Amino acid sequence: FPFYDDSFESRFLGVASKNKIVYVSYSSQDINGVKSLVVDEYSINFTKVRNIIKIEEFDQIHYGGSLSLDSLGKLYLSVGDGGPQSSQGVTDTDAQNLNSYKGKILRLDTSNLKKKPQIIAYGIRNPWGVTIDSKNRMFILQCGYGTSEAAYLLNDLYPSIPVNLGWPVFEGSVRVSYDLTKKKDPLSFNNILAPIYETDVRPGCLTGGVYLDDIELFLFSDFYGTLRLLKQKENGEWYLFHEDKQEKGNIWGLGLDKKTKRIFIAPNNLELEILIDQVKLN
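Heads up: the sequence shown at position 153 corresponds to 220 in my numbering, and the numbers run straight through without jumps.
Shown next as structure tokens:
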């Protein structure tokens, strides 16, 4: 890719495809050292390319970069807060600033690039894993700083106003900073989206997830090899249905082939297949 950036948490970040078109997200660095998050559109044979968006001024981490498509074919991009200036939630407010694309979930209009991206969620630190299921629900896995690793669910991809996940004032459901904008009315927990699951097990950054329609479970991983399954109750609440602490190496992400229903895991797939078979038997 042009102006390839090989710094920490960078390089190739995400991919999505539809109608013989491939979307790729990656980090780049120009000749002046400016680091950016880039999304390009390619023809299926990679002979044609078109830039969709370029977001500048990252500090080599917290890019996000997950790409997802909803049932209408709309493209979504997760964008991290750009770190590390906001890693401790004390100096930077990009994630809470609706004039910035950092710390957001964006819907990109690939049919009209003159249109500004739509912000559907904000207040996000590092949305490593984002996936949309067959019901058009978006699951967001946020890599925490030091207090909470959290999973969120957006039931509506077309909200009337963007949904606030709380960072850097909240990390999951835990307040880690006071209102950085110095307003009289500080951000309260009632004004943010509560996670459907969170853990204080550190280190353990949540990395990837897929929703399994056949068994109605959300499968997700953490970087250190643990796989978890969440199930939704009739009242809408979610609970931890199963946990498998593999501890056999890092998991960078999960992928689901919707046609074959095969689940892919980095670095391998065997343990995942065994886990799913065990859950089905139970």
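Note that the Cβ used here is the ideal one computed from N, Cα and C, for glycine as well.
In this text the structure is predicted, and so the values were computed from the model without any measurement.
Counting only residues of its own chain and dropping the five nearest sequence neighbours on each side, Y168 has a CB closer than 7 Å to the CB of I122, V146, P184. In this structure the stretch 196-204 does not touch the stretch 104-122; the number of beta carbon pairs closer than 8 Å is below three.
Looking at the backbone, the Cα of T114 and that of I98 are separated by about 25 Å.
Within its own chain, the residues whose Cβ lies closer than 7 Å to the Cβ of F79, once the five positions on either side in sequence are excluded, are Y93, listed in chain order. Judged by DSSP in its simplified three-state form, A217 adopts strand. For A333, the enclosing beta strand (DSSP E) covers residues 329-333.
Distance check between K171 and each of S215, P235, G213 places P235 closest, using alpha-carbon atoms only. Within the stretch 261-285, no complete alpha helix (DSSP H) segment of 4 residues or longer occurs.
Within the stretch 114-141, the complete beta strand (DSSP E) runs of at least 3 residues fall at 116-125, 131-136. L104 is the residue among I88, V89, L104 whose C-alpha sits nearest the C-alpha of S95. Relative to the Cα of I263, the nearest Cα in the group L208, A218, N166, L232 belongs to A218.
The Cβ atoms of K85 and G132 lie no closer than 8 Å to each other. Per DSSP, the unbroken beta strand (DSSP E) holding R295 starts and ends at 293-299. If you draw a straight line from the Cα of G271 to the Cα of D311, it is about 13 Å long.
The C-alpha of D137 lies about 19 Å from the C-alpha of L286.
If the five residues before and after S288 are omitted, its C-beta is found closer than 6 Å to the C-beta atoms of T274, G275, L294, I318, L321, all from its own chain and listed in chain order.
Rounded to whole angstroms, the gap between the alpha carbons of D281 and L297 is 14 Å.
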